[in-house]
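S.K.:
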Amino acid sequence: MQDNLKLHQLNGEGNAHWVGAEGAKNIESRISPEIIGGIYSEEGADVEPYRLMIALFRPQRELGPRFVMNPGDRPQDKSRPC
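Under the working numbering, read the sequence shown as residues -13 to 68, first letter to last.
1. Find the nearest neighbour of G6 within the set I25, D32, S15, judged by alpha-carbon distance.
2. Is DSSP giving I13 helix, strand or coil here?
3. Taking only runs of the alpha helix (DSSP H) that begin and end inside the stretch 16 to 59, which ones reach a length of at least 4 residues, in chain order?
4. Got a sec? Which residues, its chain only, sit under 8 Å from G9 by beta carbon, not counting five neighbours each side?
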């Protein structure tokens, strides 16, 4: 985790710092109770695109929309929920 912190700081997030479990819960109350800590920066954020899209699609599926993807954009891994 310390290597990741150094990378954030080198990438211009000079205020990036380690927060323990309680610090993380104070920043985001909905965070997993199993959290052990994390890297926090007011200046930046990291998002995993695939997981973000799944998180956005899942609630919509219950409302009944039809999702259309370009044939080349379909994941080859059939186990993925998209």
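In this text, a Cβ means the ideal position worked out from N, Cα and C, and glycines have one as well.
Remember, it's a predicted structure, so these values are computed and weren't measured experimentally.
M.R.: According to the data block:
1. Here the question's residue 6 lines up with position 20 in the sequence shown. Closest in C-alpha terms to G6, from the list I25, D32, S15, comes I25.
2. Taking the first residue of the sequence shown as 1, we reach residue 13 at position 27. Note: I13 maps to helix in three-state DSSP.
3. Fully enclosed alpha helix (DSSP H) runs of 4 or longer: 35 to 47.
4. Residue mapping note: residue 9 aligns to position 23 of the sequence shown, counting from 1. Same-chain partners within the cutoff: G23, Y26.
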